[in-house]
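Novice: Remember, my numbering sits 209 above the position in the sequence shown when you count from 1.
Ideal Cβ placement from N, Cα and C applies to all residues, glycine included.
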Amino acid sequence: MLTTVLGAYQKLPDPALTSKILGSTTSLLTTLTNPLNITLLTSQLLAAPAIWATHALDLQMCLRIISIYNTAAITVLKQAQSNDSNLLGYPRRGGGLGPDEWATAVVKGADDKSPRWRHVLAIAGVLLGMGGQGRRGLSRGLRMSLEGALIMAANLAMEDPKEGFFVGGESTLLALNHTFDLLSEQAKREIRFDLVLPIAVGAMVGPSGYEMGQFVGAIDADVRVTQDNKLDWPQSSRGFLHLKEVTSRPLVSSMGPFSRLVAYTVEHLQSPKPEILHLVEQLQKFSHELLNQWRHNKLSTIDPSDLQTQLTPETSHTTFSALFQLLKSAMFATVVILRSVLGRVLIDPQLATDAHAASLSASSL
210 MLTTVLGAYQ KLPDPALTSK ILGSTTSLLT TLTNPLNITL LTSQLLAAPA IWATHALDLQ
270 MCLRIISIYN TAAITVLKQA QSNDSNLLGY PRRGGGLGPD EWATAVVKGA DDKSPRWRHV
330 LAIAGVLLGM GGQGRRGLSR GLRMSLEGAL IMAANLAMED PKEGFFVGGE STLLALNHTF
390 DLLSEQAKRE IRFDLVLPIA VGAMVGPSGY EMGQFVGAID ADVRVTQDNK LDWPQSSRGF
450 LHLKEVTSRP LVSSMGPFSR LVAYTVEHLQ SPKPEILHLV EQLQKFSHEL LNQWRHNKLS
510 TIDPSDLQTQ LTPETSHTTF SALFQLLKSA MFATVVILRS VLGRVLIDPQ LATDAHAASL
570 SASSL
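#1: Does DSSP classify R458 as helix, strand or coil?
#2: Skipping 5 residues on each side, what residues in its chain have a beta carbon closer than 6 angstroms to that of T284?
#3: Are the segment 320-336 and the segment 245-264 touching, with three or more C-beta to C-beta distances below 8 angstroms?
#4: Please report the residue range of the alpha helix (DSSP H) in which D403 lies.
#5: Just to check my reading of the structure: A282 and G232 have Cβ atoms closer than 8 angstroms, yes? What is that Cβ distance to the nearest angstrom?
#6: What does the Cβ neighbour count give for V554, buried or exposed, with the cut at 16 atoms within 10 Å?
#7: Residue range of the alpha helix (DSSP H) that K322 falls in?
#8: What is the rounded straight-line gap between the Cα of K494 and the Cα of L406?
#9: Just how far apart, CA to CA, sit H477 and R548?
#10: Here's the rule: buried if 16 or more other CB atoms are within 10 angstroms of the residue's CB, otherwise exposed. What is A472?
#11: Say whether the segment 421-438 touches the segment 484-498, bearing in mind that this needs 3 or more beta-carbon pairs closer than 8 angstroms, one atom from each stretch.
#12: Quick one: grab the DSSP three-state call for L440.
#13: Quick one: is P324 buried, meaning 16 or more other Cβ sit within 10 Å of its Cβ, or exposed?
#14: Distance check for S538 and V414, CA to CA, integer angstroms please.
#15: In three-state DSSP terms, what is V432?
#16: Name the two residues that bound the continuous alpha helix (DSSP H) containing E476.
#17: Taking the C-alpha atoms as reference points, what is the distance between P222 and L383?
#18: Would you kindly work out how many angstroms separate the C-alpha atoms of G307 and S236, rounded to a whole number?
#19: Could you have a look at L520 and say whether DSSP puts it in helix, strand or coil?
#20: Determine the burial state of L574: buried for a count of at least 16 other Cβ atoms within 10 Å of its Cβ, exposed for fewer.
#21: Is the Cβ-Cβ distance between K439 and L520 less than 7 angstroms?
#22: Can you tell me which of Q479, Q342 and H487 puts its alpha carbon nearest to the alpha carbon of R398?
#23: For a quick check, are the C-beta atoms of T381 and A363 less than 7 angstroms apart?
#24: So L268 and L460 are in contact, right, with Cβ under 8 angstroms, and what is the actual spacing, rounded?
#25: Just reading off the alpha helix (DSSP H) that A366 is part of, what are its end residues?
#26: Taking a contact to mean a Cβ-Cβ separation below 7 angstroms, would you say I400 touches A314 in this structure?
#27: Tell me the rounded alpha-carbon separation between G373 and S463.
#28: Between H477 and the ligand NAD, is the CB less than 6 angstroms from at least one heavy atom?
#29: Could you check where the alpha helix (DSSP H) with P308 kicks off and where it finishes?
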């Protein structure tokens, strides 16, 4: 099957075959017995035209790559634990490789055939699988080495102007977001937070995130007034389907941890002045645009206490409720980030000046 999968990697992108290719990859990662083949498989996957040579490439695909290595790592760890406890001589499960040997083979496949941001995805998946939810699958030395490799690859990806924004930079943030709580403080200190922040705020309010509130403006055309004078926004409408797509975006669906990552970034910037001023400016633009879109929406005319009487049951319980949850996530994320900004203003001499403190505080409010 290895030869078949490697051949499929070299073909032109075909959405109908992508899931099959990735499923076969996960299976191979957990059953191959030769570490060299695991290295080869990873190297070819991270450079595969069938996966990456498409204009439709987005963070969903990047999340799937993380998921592949996460799932494979969990399976390899369980296989190793089962084999270690096998006292009756049953056939060994899986490929027979130990967690350290397997993880090392994977990381060796993150080579110069593929850009560094894809390396971040694979390493993040391994760390999640071996160390997430309290698992201790790797030796301490290898765990530290993988954390260092993750941060080095992330920094290099963000430094490279060809990789630093859009899918490359945002996928790096996606990987950091999913692994951040697993990283040691020593590893976190090595992150280039000055590179993280501009990419993060762009990802949050841009096309991969809340798209400057444009999803709110798209709703109004779908809202109709019924014969009994209630507002109806059906689930089948284009605006609601788009809202669901926004909600399911990898960064939006994990906005709680992501906002905490951005807040941590603000707190640990070495030279915070230009980055924080830009951050607050972007959040202010986002808030103004979101409010403007909302004011031009028929749903904004409904008092919260009158939802049951002014909206149809489907609108009240389903579509409007989903919109409210998405808007609430945006508000909470903004509050978390601005709280860290105000904390920096209080302790940082560059930001506590008369020229900046008042304006930053006013903008935050």
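Specialist: So, from the listed chains and residues:
#1: In the sequence shown, counting from the first residue as 1, residue 458 sits at position 249. Residue state for R458 is assigned as coil, using DSSP reduced to three classes.
#2: Sequence index remark: in the sequence shown, residue 284 carries index 75 (1-based). Hits under 6 angstroms: T239.
#3: In this structure the segment 320-336 lies against the segment 245-264, because at least three pairs of beta carbons, one per stretch, are closer than 8 angstroms.
#4: What you label residue 403 is simply residue 194 of the sequence shown in a count that begins at 1. Residues F402 to V414.
#5: To locate residue 282, count along the sequence shown from 1; it is residue 73. To locate residue 232, count along the sequence shown from 1; it is residue 23. Actually they do not touch by this definition, with Cβ atoms about 16 angstroms apart.
#6: Counted from its first residue, the sequence shown places residue 554 at position 345. Buried, by the Cβ-count rule.
#7: The residue you call residue 322 lines up with position 113 of the sequence shown. Unbroken run through K322: none, as it is neither H nor E.
#8: Along the sequence shown, read from residue 1 onward, the residue named residue 494 stands at position 285. Along the sequence shown, read from residue 1 onward, the residue named residue 406 stands at position 197. Cα-Cα distance, rounded: 16 angstroms.
#9: For the purposes of this step, residue 477 is taken as the residue at position 268 of the sequence shown. For the purposes of this step, residue 548 is taken as the residue at position 339 of the sequence shown. Rounded to whole angstroms, H477 and R548 show a C-alpha spacing of 14 angstroms.
#10: In the sequence shown, counting from the first residue as 1, residue 472 sits at position 263. Its Cβ being crowded by 16 or more others within 10 Å, A472 is buried.
#11: Flag = yes, the segment 421-438 and the segment 484-498 touch.
#12: Within the sequence shown, the letter at position 231 stands for residue 440. For L440, the three-state secondary structure derived from DSSP is strand.
#13: The residue labelled residue 324 in the question sits at position 115 within the sequence shown. Only buried fits P324, as 16 or more other CB atoms lie within 10 angstroms of its CB.
#14: As a position in the sequence shown, residue 414 is number 205, starting the count at 1. As a position in the sequence shown, residue 538 is number 329, starting the count at 1. Our two residues, V414 and S538, have alpha carbons roughly 12 angstroms apart in a direct line.
#15: Along the sequence shown, read from residue 1 onward, the residue named residue 432 stands at position 223. In this structure, V432 counts as coil in the three-state DSSP scheme.
#16: Position 267 of the sequence shown, counted from the first residue, corresponds to residue 476. Element bounds for E476: M464 to E476.
#17: Here residue 222 corresponds to residue number 13 of the sequence shown, with the count starting at 1. Here residue 383 corresponds to residue number 174 of the sequence shown, with the count starting at 1. Those two C-alpha atoms are separated by around 23 angstroms.
#18: Counting from one through the sequence shown, the residue named residue 307 turns up at place 98. Counting from one through the sequence shown, the residue named residue 236 turns up at place 27. Straight-line spacing of the CA atoms in G307 and S236 works out to 16 angstroms.
#19: Locating residue 520 in the sequence shown gives position 311, counting from the first residue. Under the three-state reduction of DSSP, L520 is assigned to strand.
#20: Taking the sequence shown and counting its residues from 1, the one referred to as residue 574 is at position 365. Summary for L574: the model assigns pLDDT 49, below 50, so the residue's position carries little reliability; its value from the coordinates is reported in the next sentence. By the neighbour-count rule (16 or more Cβ atoms within 10 Å), L574 is not buried but exposed.
#21: Taking the sequence shown and counting its residues from 1, the one referred to as residue 439 is at position 230. Taking the sequence shown and counting its residues from 1, the one referred to as residue 520 is at position 311. One thing to note: K439 has its Cβ within 7 angstroms of the Cβ of L520.
#22: Translated into positions along the sequence shown, residue 398 becomes position 189. Answer by Cα proximity: Q479.
#23: Here residue 381 is taken as the residue at index 172 of the sequence shown, counted from 1. Here residue 363 is taken as the residue at index 154 of the sequence shown, counted from 1. Yes, Cβ-Cβ distance for T381 and A363 is below 7 angstroms.
#24: In the sequence shown, the residue the question calls residue 268 occupies position 59. In the sequence shown, the residue the question calls residue 460 occupies position 251. With a beta-carbon spacing of about 7 angstroms, L268 and L460 fall inside the 8 angstroms limit used to define contacts.
#25: Indexing the sequence shown from 1 puts residue 366 at position 157. Unbroken alpha helix (DSSP H) run through A366: R349 to E368.
#26: Here the question's residue 400 lines up with position 191 in the sequence shown. Here the question's residue 314 lines up with position 105 in the sequence shown. Taking 7 angstroms as the cut-off, the beta carbon of I400 is found no closer than this to the beta carbon of A314.
#27: What you label residue 373 is simply residue 164 of the sequence shown in a count that begins at 1. What you label residue 463 is simply residue 254 of the sequence shown in a count that begins at 1. Note that G373 has pLDDT 46, beneath the 50 cutoff, so the model's placement of it is unreliable and no number is given.
#28: In terms of ligand content, the structure shown is empty, and the ligand NAD therefore cannot be addressed.
#29: Looking up residue 308 in the sequence shown gives position 99. Note, P308: alpha helix (DSSP H), P308 to K317.
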